[in-house]
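Here the structure is laid out as structure tokens; the discussion comes afterwards.
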Amino acid sequence: MIEAHDKGERRMAQINIVMVFDAQAVLSAGSPSSSSTQPTGLAHPPSPPYFAYMITEQQYLAQPVQNAGNATPNLIINATVGDTVNWYAVTLSGDQPTYCIPYNIAQFSGSTVMTTPIGLTAQPTVPVPPPQQSTSNPTWTATQQYQYFMTSNVLSPGTEGYQVWFQVVQMGTSGSLSTLGYYYWDPSVQVLG
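Reminder that position 184 of the sequence shown reads as 504 in this note's numbering, one-by-one numbering, no gaps.
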């Protein structure tokens, strides 16, 4: 859920939300859909372990309440009209390389608070340390890496509920990738302002 407020003049913020998926928990939570337009819905478990949870920077995290803070399925964040919200995904996959990739963030309740999120790919330059790094004189090499995320802008005050649609992709023993199925999850993110 997105809840936004207009606080007048201030510098626009870029709020990054990392969604951490436990691929094995996702696959155990429900039968995957074979249709990207009709993904399987996953309900929030009442307590850990969760199949997915979210993290953001402390400065944007509002006062946490039960089941709505960093490293939970829900977030309450401080944001205002004009801010940008970016969603990134990380997957914990166990022994088999498995990836949860968001492809749609769809409004399902409330007023329209944000622009329709779109997927983007960036190629930032990041520092990568060499294998068997020295502990006395650490070094790194500047390397370009692909980074996929979804982005949206806060447009108006209000509350918006949304669903994160994602696909589960797994690498086989031969190195080929295949889609195992499609799911959606309805995290609650409130933007307080």
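Yeah, the Cβ is synthetic: ideal placement off N, Cα and C, and Gly gets one too.
Nothing here was measured: the structure is a model prediction, and the numbers come from that model.
C-alpha gap between residue i and residue j, whole angstroms
i, j, result
"Ile425", "Leu347", "20 Å"
"Thr432", "Pro449", "43 Å"
"Ser498", "Thr376", "30 Å"
"Ile335", "Thr404", "6 Å"
"Gly430", "Thr479", "6 Å"
"Ile372", "Pro393", "Position check: residue 372 holds Ala in this sequence, whereas Ile was assumed. Each residue's Cα considered, the two are about 6 Å apart."
"Thr357", "Ala409", "20 Å"
"Tyr370", "Gly492", "25 Å"
"Phe469", "Tyr423", "9 Å"
"Asp506", "Thr455", "43 Å"
"Gln465", "Thr441", "10 Å"
"Arg331", "Asn473", "14 Å"
"Thr400", "Asp415", "41 Å"
"Pro517", "Ile337", "Since the first residue of the chain shown is 321 and the last is 513, residue 517 is not available in this structure."
Environment of residue i [buried if 16+ CB atoms lie within 10 Å]
i, result
"Ile397", "buried"
"Gln452", "exposed"
"Pro365", "exposed"
"Ala363", "exposed"
"Trp460", "exposed"
"Asp342", "buried"
"Ile438", "exposed"
"Leu412", "exposed"
For residue i, the first and last residue of its enclosing alpha helix (DSSP H)
i, result
"Ser429", "Element bounds for Ser429: not the alpha helix (DSSP H) but the beta strand (DSSP E), 418-430."
Residue i, DSSP secondary structure in three states
i, result
"Leu381", "strand"
"Gln358", "coil"
"Pro447", "strand"
"Met339", "strand"
"Asn473", "strand"
Boundaries (first-last residue) of the beta strand (DSSP E) holding residue i
i, result
"Ala275", "Because the chain in this structure spans residues 321 to 513, residue 275 falls outside the shown range and cannot be described."
"Phe371", "Element bounds for Phe371: n/a, residue is neither H nor E."
"Gln439", "Note that residue 439 is Gly in the sequence shown here, rather than Gln. Here the beta strand (DSSP E) through Gly439 covers 438-442."
"Leu412", "404-412"
"Ala462", "461-464"
"Gly481", "478-491"
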